[in-house]
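Visitor:
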Amino acid sequence: MFPNRRIFHRAVSLCGAALLGLCGAALPAQPVAAPAPERQAQIAHWLRDDCGACHGMTLKGGLGLPLTREALAGKPPDFLVQTVLHGRAGTAMPPWEPFLTESEVRWLIQQLQAGTPPAVPPNGFVPAP
Ligand code: HEC
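Numbering (the working numbering), first residue to last: 1352 to 1480.
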């Protein structure tokens, strides 16, 4: 089938690369770097007071869909990140791009999907708006 060893080796390494690509696609996304603690506190405030206004303070849903680990299970992170950044046309979900960077939203979605939403710090620290 292979005229010489070199072509055989090339075929083997190409198959290897294709397999790696497939495995890579199936693996979960790499964890996203967490924002600095003060920024996490800011995001936690928004999550409770702003997102919570529609999604419920305990994120179990209201006007907006629940944002619990169970409710978000199996939903592609990219799709959820796009929803938060750009909102969802025709629904009450507003775009958050003016306030949150893409990597902050990736981190937030990662925390929500893991069931560990950032909590407002107990010391009452309220970050400057
Ligand atoms: C004014 C109300 C409102 C606010 C504020 C709001 N949302 Fe939403 N959100 C919605 C609605 C309504 C939907 C459902 C849209 C639909 O029907 O597809 C939604 C959908 C979503 C979804 C997609 C859920 C899914 O299962 O597909 C995510 C994730 C989300 N919101 C996150 C957030 C986050 C994070 C914030 C705060 C930074 C936020 N939302 C603030 C109303 C809101």
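Even glycine gets a Cβ: it sits at the ideal position worked out from N, Cα and C.
Ignore the nearest five residues each way along the sequence and tell me which others in Ala1395's own chain have a CB closer than 6 Å to its CB.
Guide: Closer than 6 Å at the Cβ level, and outside the excluded window around Ala1395, lie Pro1469, Ala1470 and Val1471.
Visitor: Output the residue ranges of the alpha helix (DSSP H) runs that lie fully inside the region 1409–1453 and measure 4 residues or longer, sorted by chain position.
Guide: List check, alpha helix (DSSP H) in window: 1420–1423 and 1428–1437.
Visitor: Three-state secondary structure (DSSP) at Gln1381?
Guide: Three-state DSSP puts Gln1381 in coil, outside helix and strand.
Visitor: Counting C-beta neighbours from all protein chains within 10 Å, is the total for Ala1443 16 or more, i.e. buried, or is it exposed?
Guide: Counting Cβ neighbours within 10 Å, Ala1443 comes out exposed, since fewer than 16 surround it.
Visitor: Assign Glu1453 to buried or exposed, taking buried as 16 or more other Cβ atoms, counted over all protein chains shown, within 10 Å of its Cβ.
Guide: Result: exposed.
Visitor: Would you say Trp1458 and Pro1386 are within 8 Å of each other, going by their C-beta atoms?
Guide: Their beta carbons are under 8 Å apart, which means Trp1458 touches Pro1386 by this criterion.
Visitor: Where the beta carbon is closer than 5 Å to any heavy atom of ligand 1, which residues qualify, in chain order?
Guide: Listed along the chain, these residues meet the criterion: Cys1402, Cys1405, Gly1415, Leu1416, Leu1431, Thr1434, Val1435, Arg1439, Thr1442, Ala1443, Met1444 and Trp1447.
Visitor: If you drop the 5 nearest sequence neighbours on each side, which residues of the same chain put their C-beta closer than 6 Å to that of Gly1415?
Guide: So the list reads Cys1405 and His1406, once near-sequence residues are dropped.
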